[in-house]
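Peer 1: The structure follows.
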Amino acid sequence: MALLELDGVTAGYTAVDALNGISLRVEDGEIVTLLGANGAGKTTTLRTISGLMKPRSGSIRFMGQEIAGASANAIVRLGLSHVPEGRRIFPGLTVRENILLGSSNRGRVPRAELDRDLEAAFGIFPDILKFADSPGWTLSGGQQQMVAVARGLMARPKLLMLDEPSLGLAPIIVQQVFRTIADIRARGTTVLLVEQNAHMALSIADRGYVLETGRLIVEGPPATLLDNEEVRAAYLGGRVTAE
Amino acid sequence: MSMIPQLLFTGLGIGSIYALVALGFVLIYRATNVVNFAQGDFSMIGAFIMVVLAIDLGVPYWIAVIVAVVTMAAFGILFNYGVYYPLRHRTFLPVVISTIGASILLQNGVLAAYGPHPQSLPPMLPFPGFTVGGVFLDSQYLLILVVTFALVALQYLFFERTMLGKKLQATSQDKEMASLLGIPVALMIGITFAYSAVLGGVAGILVAPLLFVSINMGSTIALKAFAASIIGGFGDVTGAIVGGLALGVVETFGAAYISVPYKDGFAFLVLFLFLMVRPQGVFGEKVAEKA
Amino acid sequence: MTTNATLSHPAPATSRGAIAGGIVLAVIAVALAALPQIMPLSGYVLNMLMQAVTYTVAVLGLTVVLGYTGQLSLAQAAFFGIGAYAVALGTVDYGLGFWLSMALGLVASAAAGAVLGLTSLRIGGHYLAMVTIAFQQIVTLVLVNSIEFTHGPDGVSGIARPNLPGVSLTNGRAYLTFCIVVLYAVALGVWYLRRTRLGRAMQAVRDNELAAGVVGVHTYRTKVVAFTISAVLGGLGGALFASGFSYISPDQFSFAESVVFLTMALIGGVQSAFGTALGTGLLILLPEWLRFLKEIYLAIYGLSVILIMVFMPEGIWGLLERIARGGGAKPAAALVTPRPFRLEIASDGPAEFLETRGLAKHFGGLRAVDGVDLTVRRGTVHALIGPNGSGKTTLLNVLSGLYKPTAGSVTLAGRDITRLAPHERCAAGVGRTFQNIRLFRSLSILDNVLVGAQRPGAPARGEAQLRERAYEALGFVGLADKASELVGSLPYGHQRLVEIARALAGQPALLLLDEPAAGLNPTEKQDLVGLLRRLKGHGLTIFLIDHDMAMVERIADHITVLNFGKRIAEGSPRDVLRQPAVIAAYLGEVPTHGAA
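Residue numbers (the UniProt record's numbering), protein chains in the order written: chain A, 1 to 243; chain B, 1 to 291; chain C, 1 to 596.
Following this line, the structure appears as C-alpha cells:
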C-alpha cells in the first residue's frame, strides 16, 4: 500500500489553480518530486492534498485512509505535514516559538519531549540556533526556509511535503537545503517535493512527476526524466511549439 | 495645587476603561480583520448581568462578579457563532454590518427585557477612598486601575508564556499556516471572542458604579475606545492600552481647563489630529506599500 | 461604425426583458410621484414617505462613495445634519429663504467633504472610515452644545417650505411630490454616473486601486470627488428632510444615524441606485411592520439585519440581480467588426527609450533592487530574467511608479519620470500588466478596456471614440466578440489578453509585461509570441519578465539578468543564456540546452 495515493483528482476553477485529473503515489521512504512550469498546478496539488483546497472529484488516500475533503487540521494530525511556498514564518513569534508550534498537531506532548524535539531540530539546522530568540521576520530567506522545514518536522510527519524550498535562495544555500532534505529522508521521513529547480530536485529524488497545465505528463526515475524532451522543456519553464 | 495629580488620577481611571474596551477591539480585529461594532455592548451586557444578579437576585456582590465574567465568556463564544462565524469567508463589510445588527439586537433586547430606566450599582468597595497628599483617591477608580493593570499583566503572561497564547498569536498572524500546523483556527477565534467579551464585560462592571447602567452606555465608551485604538496604532496591543489611558487623561484635563460640554469632543479632536499627522498611530508601523 | 459600437454596447442585462423592466419601473415611478396628489394620505403615511424619500437621497451618496468607489464613510448623518441645519437656521433665524439656505448647506457639505477627503484619502485602507467617525462626533457635539447658534438639544422648529414660481410647496402633499422628483433626478444621476468616465474610474479604484493607477486613473482625485459627491447628496437629503418635517434636533444626525444610513445602503445592495432605494425603503418600513411585536420589535430588526447579511451578503438587489442573470439569456455579443488597431508612436527622440541609472529599492534592510543601470532601446523587445526573488517584479513596480525608488533615476524618451505617480507615468506612455492578473473584476471586458482607453492625454475623446478605441484594442487581442462579458467569467488565458488590451487601449509607447506567459498552455503561448511580434511591428517598445526561456529566446532582442537586486549579465539572448554566471544563478547546471 502506498503511503499517499491520488486518483483522478480535479480541483480549482481558473487555469492557474486547476487540476485536471491527477493520479500519483508516494511509497513509504521515498523522495518524490513534482516538477513543472509556473502555473502548472504543483502548488495546487499540495494544497489539495493538505486540505487547504477541496478537490472537486477523485480520491486522496493517506495510509489507506480517504482524506479528500477533510480539513487541513485533521490531515496534519494524521502525520502529513505541508511546508508551503514562501515559508510563512509567523513574523511576530520567535524562531523557537515558530518551531515549537509545529507540534500543534500532536495533541498534549510533555514539555521534556518537546524540548528534545526542538533540540533535534536545531541539530539538523545548527545555523538557526543563534537566532532562536529573534522574531521570525528578522531572518533572511534562507534562514526562514530552515525554520519552516524545522517547524514541519516538529509535526513528526510520516510524509513531509515541501513547496519550492529553494525559492529565492542563493545557489549555495539551495545546495544546503537539498542536502538536508536527503538527510531527513535518511532519518525515515518520506518527502514529496515540489520544485522549479528540476536539476537539484532530481539529484536527490527516487522518482519524479512532471505537471503541465494541471495534468501529469510524465513519470519516472530521475535518469528517465532527465532524458525526456518534455522535462527538459518544462524545466526551462514550459514549451513553445515550433513554428 | 493638587488639581493636576487629581485630574491625572481620574483621567487614568477612565482611560483604563477605554483601554480595556480598546483591547477587546484590537484582539478581535487581529484575529478576524473586522472591527466589532458591538464591542461596547459587551460592556453594557456585563453591567446588566451585574444588575440582574446583584440587585434583582440578591446574589452576593463578588460572586455576582465571577458569575458575570464567566457568563460574558460564554456570551463571547455565542456571539462568534451567531455574528462572525457564518460570515468568516466574506469581505469585511457584511461582517461589519452584521456586528451593527448585533448591536441593535443587544441594545433593544435588553430594552425589551428591562425597560428604558437606567439602573445603578453601588460602589464595589466598602470605603470611599483615601486622601494622599491632597489628592483624593476614589476607591472605585483605584479598583479600576488595579484590575486593569492585573488584566494587562495576566494577558501578557498568557500570550508570552503559554502555548495556547502562542497559538492565538499564530492564528492572528497567518490563519492558513496555523491550520496547516494543526492549530484549530475556529476554536482560537472562539477563544478570542470569549476573551474580548470578558474584557468588555469587566470594563462595564467596573464603570457601572460611576455611571448609570443604561442600554446605550456601551456606545460612547466603544467610540472612545475605538478612537484610542487608532491613536495607539490600530491592531497594536500596547497602542490600545496607551491610547486608552492617554485619551482618558486628555479628556479629563480638557473638561477641567477648556470646556465641560465639549468633553466628549477632545477624544475625537485628538484622533483627528493624529490621523492628519501620523495616521499609523503611535505604535503602528508605517503602512506597507505592496503591489 | 461609431453608432454601431454604441448600439452594440449592452448594459449587462440588456434585452427585451430589461427594456420591459425599465418601462415597468418608469410607470411605478410616475405613479409614486403622483400618489400624494391623487390619493388622500394620512399624516402618518405622509411622514413615512417623506422620511423614506429624503433618506434615500442621502443614502444614494453612499452608493457613490461606498458602492462605486469602495470607500467607507461613517459620517453621512453629519452631512445630512449640515444640510438640515443650514435650511433650518437659514429660514428660521436668518430669514434667508429655503433656496439660498439650501445652497449654503450644499456648499458647506461639499467643503467639509472635500477637506475630509483631501486629508484622509491620500493613504489607502480605512482611514476615511476613522476620520469620518471623528468628524461625525464633532458635528454632533457642536449641534448639541453650541446653543446660541444651533438652539442646542431642543432643536429648531418652524422650518419653512419653499415655493416654486407659480407653485406653492407649503402643502405637505405638494412638497412630497417635489421631493420625489428631486429623488428621481438624483437617482437617475447616480445610476447614469456609473456609465461615465468618472463612474468607470470610481469602479476601477474600487475593484483594484493599484491597477487603476497604473492604467491612468488619478485614484486620489477620484476618491476625493466621490466622497465630495456623497457629502453633497447627504446635505441635499438633509435640506429636504428639514423642510419636510419643519422640526429637527441633533439626535437625528448622530453616529447611530450614520450607521443606519450605511445599513440601508448595504441591505439594499450598495452598488446599485435601485438597491439603495430598496434598502432605505425597507429599513424605514421594517420597524413599522414589526411594530406588532411590541417591545421586541427593534431587537427583531437587529436580528433581521444579521440574517440579511448572512444570507444575502450582496444585499437584496444583488440577490435579485443574480437571480435575473442566472435565469436570463447571456448578454448579446457585439455585432461590430472593430477597425484595425493603430498605435501612434512618435519615432523621433533618443534611441535609448527607457533608461535607469543606479535604480534602487530597499525594504528595510532588504535590497530588493540594488543599483540597476538599464537601457531599453526604442522599438525593441527587452527581457528581464532572474531567479524568483531576484527583484524583477520590484523593478517593474518602480518603473511603473507603484514604488518610490530609494535611489536612482528613471528616464523615458529623455524625460525624467522618477518622481511621477503611476497615473502620470501612464499618461507619459507607460502601460503594464501584472503577474497576478489585476483586472476590474466586477466590470465587463469592454469597461475594463475603456478605463484604459480614457487615460489622461490619450487621443480618444468622447464616449464614442473611447468605445471605438476599446474595440480596436479588443479586436487586436481577438476578444471583440466577448466585449460585454464579465471578466471574472473568462478563462485565465483570456484574462491575460484583456489586461494587455487594457494597456494597449491607452496608446502606450512602452509596454511592461510581468510574466505574460505564466499559466498559459502551449497554444496560448504561441499566440502570445505572435501578438508581441505584431506589437513590436507597430513600433511599441516592450519590456518583459518571464521564466519561459524558450519564449524569451524567441522574441527578445536583448536580455538583462538580475540576481539579488543586481544586474549580473546583459546582452543578446544567444550570449546571455550561455554565460556561466547566468547558468549558475538561474538556469542551473544544465548539461545541454533546452528544446528551443
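For every residue, glycine included, the Cβ atom is placed at its ideal position computed from N, Cα and C.
#1: Short check: CB of G41(A) to CB of L153(A), under 7 Å?
#2: Along chain E, which residues have their Cβ under 9 Å away from the Cβ of D236(B)?
#3: Starting from the Cα of I230(B), find the closest Cα among L283(C), L128(C), P153(C) and I284(C) and give me that residue.
#4: Nearest-angstrom Cα distance between L577(C) and L366(C)?
#5: Hey, which unbroken runs of the alpha helix (DSSP H) at 4 residues or more fall wholly within the segment 456-491 of chain C?
#6: Between P261(B) and chain C, is any beta-carbon pair separated by less than 7 Å?
#7: Can you pull the chain A neighbours of E176(B), defined as C-beta to C-beta under 9 Å?
#8: Under a CB-based cut-off of 7 Å, is residue 270(A) close to chain B?
#9: With DSSP as the reference, label M124(B) as helix, strand or coil.
#10: Grab the span of the alpha helix (DSSP H) containing S103(A) for me, first residue to last.
#11: Name the residue from G79(A), P91(A) and G36(A) whose alpha carbon lies nearest to the alpha carbon of Q169(B).
#12: Beta-carbon within less than 7 Å of L142(B)'s beta-carbon, same chain only, minus the 5 sequence neighbours each way: which residues are those?
#13: Less than 7 Å between the C-beta atoms of I221(B) and G40(B), yes or no?
#14: Between which two residues does the beta strand (DSSP E) harbouring F136(B) extend?
#15: Going straight from the alpha carbon of G493(C) to that of D373(C), what length do you get?
#16: Since H362(C) is in the beta strand (DSSP E), which residue starts that stretch and which ends it?
#17: Rounded to a whole number of angstroms, what is the C-alpha to C-alpha distance between E524(C) and F353(C)?
#18: Looking at chain C, is there any beta carbon in it that lies within less than 7 Å of the beta carbon of P60(B)?
#19: Below 8 Å on the Cβ atoms is my guess for V198(B) versus G76(B); work out the distance and round it to an integer in Å.
#20: Consider the Cβ of I97(B): report whether some Cβ of chain A lies at a distance smaller than 7 Å.
#21: Quick check: A453(C) and P338(C), are their CB atoms within less than 7 Å of each other?
#22: Put L577(C) into one of helix, strand or coil per three-state DSSP.
#23: Taking T356(C) and S409(C) to be in contact with their CB atoms under 8 Å, please state how far apart those CB atoms are, rounded to whole angstroms.
#24: So for T380(C), helix, strand or coil by DSSP?
#25: Contact check, A155(A) vs V76(A) under 8 Å by CB: the rounded distance?
#26: Would a check of beta-carbon distances place S179(B) closer than 7 Å to chain A?
#27: Terminal residues of the continuous beta strand (DSSP E) containing H558(C)?
#28: Near E164(A), which residues of its chain fall below 7 Å by C-beta distance, leaving aside the five closest residues on each side in sequence?
#29: Whose Cβ in chain B lies nearer than 8 Å to the Cβ of I296(C)?
#30: Using CA atoms only, rank isn't needed, just tell me which of M163(B), R88(B) and S103(B) is closest to I99(A).
#31: Do the segment 53-64 of chain B and the segment 171-183 of chain B make contact, defined as three or more Cβ pairs closer than 8 Å?
#32: Using the beta-carbon of each residue, which ones in chain B are nearer than 8 Å to A134(C)?
#33: Mind checking which residues open and close the alpha helix (DSSP H) that includes V305(C)?
#34: Return yes when the Cβ of I128(A) is within less than 7 Å of the Cβ of Q144(A), no when it is not.
#35: From the DSSP output, in three-state form, read off S98(B) for me.
#36: Quick check on the DSSP output: what are the complete alpha helix (DSSP H) runs of length 4 or more inside the segment 50-128 of chain C, in order along the chain?
Peer 2: Taking the geometry as given:
#1: Locating residue 41(A) in the first sequence gives position 41, counting from the first residue. Locating residue 153(A) in the first sequence gives position 153, counting from the first residue. L153(A) is positioned such that its CB atom lies no closer than 7 Å to that of G41(A).
#2: The structure shown contains no chain E; the protein chains it does contain are A, B and C.
#3: Within the second sequence, numbered from 1, the residue matching residue 230(B) stands at position 230. Residue L128(C) is the option with its Cα nearest to I230(B).
#4: Within the third sequence, residue 577(C) is the residue found at index 577, counting from 1. Within the third sequence, residue 366(C) is the residue found at index 366, counting from 1. Straight-line Cα distance between these residues: approximately 27 Å.
#5: 462-477
#6: For the purposes of this step, residue 261(B) is identified with residue 261 of the second sequence, where counting begins at 1. At least one chain C Cβ lies under 7 Å of P261(B).
#7: Taking the second sequence and counting its residues from 1, one reaches residue 176(B) at position 176. Taking a Cβ-Cβ cut-off of 9 Å, the neighbours of E176(B) in chain A comprise L52, A72, P84 and R88, given in sequence order.
#8: The structure shown has nothing for residue 270(A), since chain A only spans 1 to 243.
#9: Along the second sequence, one-based indexing puts residue 124(B) at 124. Residue state, collapsed to three classes: coil.
#10: Counting from 1 along the first sequence, the entry for residue 103(A) is found at position 103. S103(A) -> no alpha helix (DSSP H), and no H or E assigned at all.
#11: Here the question's residue 169(B) lines up with position 169 in the second sequence. Of the candidates G79(A), P91(A) and G36(A), P91(A) places its Cα closest to the Cα of Q169(B).
#12: Here residue 142(B) refers to the residue found at position 142 when the second sequence is read from its first residue. So the qualifying residues of the chain are G129.
#13: Here residue 221(B) is taken as the residue at index 221 of the second sequence, counted from 1. Here residue 40(B) is taken as the residue at index 40 of the second sequence, counted from 1. Yes; because the gap between Cβ atoms is below 7 Å, this pair is in contact.
#14: Locating residue 136(B) in the second sequence gives position 136, counting from the first residue. Per DSSP, F136(B) belongs to the beta strand (DSSP E) from V135 to D138.
#15: Taking the first residue of the third sequence as 1, we reach residue 493(C) at position 493. Taking the first residue of the third sequence as 1, we reach residue 373(C) at position 373. Going from the Cα of G493(C) to the Cα of D373(C) covers about 33 Å.
#16: Reading the third sequence from its first residue, position 362 is the one you call residue 362(C). Here the beta strand (DSSP E) through H362(C) covers E352 to F363.
#17: By 1-based counting over the third sequence, the position of residue 524(C) is 524. By 1-based counting over the third sequence, the position of residue 353(C) is 353. Between E524(C) and F353(C), the C-alpha separation is close to 29 Å.
#18: For the purposes of this step, residue 60(B) is identified with residue 60 of the second sequence, where counting begins at 1. P60(B) does not count as touching chain C.
#19: Within the second sequence, residue 198(B) is the residue found at index 198, counting from 1. Within the second sequence, residue 76(B) is the residue found at index 76, counting from 1. Yes, they are in contact, since the Cβ atoms of V198(B) and G76(B) sit about 7 Å apart, within 8 Å.
#20: On the second sequence, position 97 is the one that residue 97(B) refers to. No - not a single Cβ of chain A is within 7 Å of the one on I97(B).
#21: Here residue 453(C) corresponds to residue number 453 of the third sequence, with the count starting at 1. Here residue 338(C) corresponds to residue number 338 of the third sequence, with the count starting at 1. Result no, Cβ atoms of A453(C) and P338(C) do not sit closer than 7 Å.
#22: Here residue 577(C) corresponds to residue number 577 of the third sequence, with the count starting at 1. Three-state result, L577(C): coil.
#23: If you number the third sequence from 1, residue 356(C) lands on position 356. If you number the third sequence from 1, residue 409(C) lands on position 409. Contact holds; Cβ gap of about 7 Å.
#24: For this step, residue 380(C) is matched to residue 380 along the third sequence. Looking at T380(C) - three-state DSSP - the assignment turns out to be coil, as it is neither helix nor strand.
#25: Translated into positions along the first sequence, residue 155(A) becomes position 155. Translated into positions along the first sequence, residue 76(A) becomes position 76. Right, their Cβ atoms sit about 6 Å apart.
#26: Translated into positions along the second sequence, residue 179(B) becomes position 179. Chain A contact via Cβ: present.
#27: Taking the third sequence and counting its residues from 1, the one referred to as residue 558(C) is at position 558. Element bounds for H558(C): H558 to N563.
#28: Taking the first sequence and counting its residues from 1, one reaches residue 164(A) at position 164. These residues qualify, in order along the chain: E85, V194, E195 and Q196.
#29: Within the third sequence, numbered from 1, the residue matching residue 296(C) stands at position 296. Neighbours of I296(C) on chain B, chain order: N108, G109 and A112.
#30: Position 99 of the first sequence, counting from 1, holds the residue named residue 99(A). Answer by Cα proximity: M163(B).
#31: no
#32: As a position in the third sequence, residue 134(C) is number 134, starting the count at 1. Result: A227, F268, L269, L271, F272 and L275.
#33: Counting from 1 along the third sequence, the entry for residue 305(C) is found at position 305. It spans Y297 to F311 - the alpha helix (DSSP H) in which V305(C) sits, taken as one unbroken run.
#34: For the purposes of this step, residue 144(A) is identified with residue 144 of the first sequence, where counting begins at 1. For the purposes of this step, residue 128(A) is identified with residue 128 of the first sequence, where counting begins at 1. Result no, Cβ atoms of Q144(A) and I128(A) do not sit closer than 7 Å.
#35: Residue mapping note: residue 98(B) aligns to position 98 of the second sequence, counting from 1. Here S98(B) sits in helix by DSSP.
#36: As summarised for the segment 50-128 of chain C, the continuous alpha helix (DSSP H) elements at least 4 residues long and confined to that stretch are 76-92 and 98-120, given in chain order.
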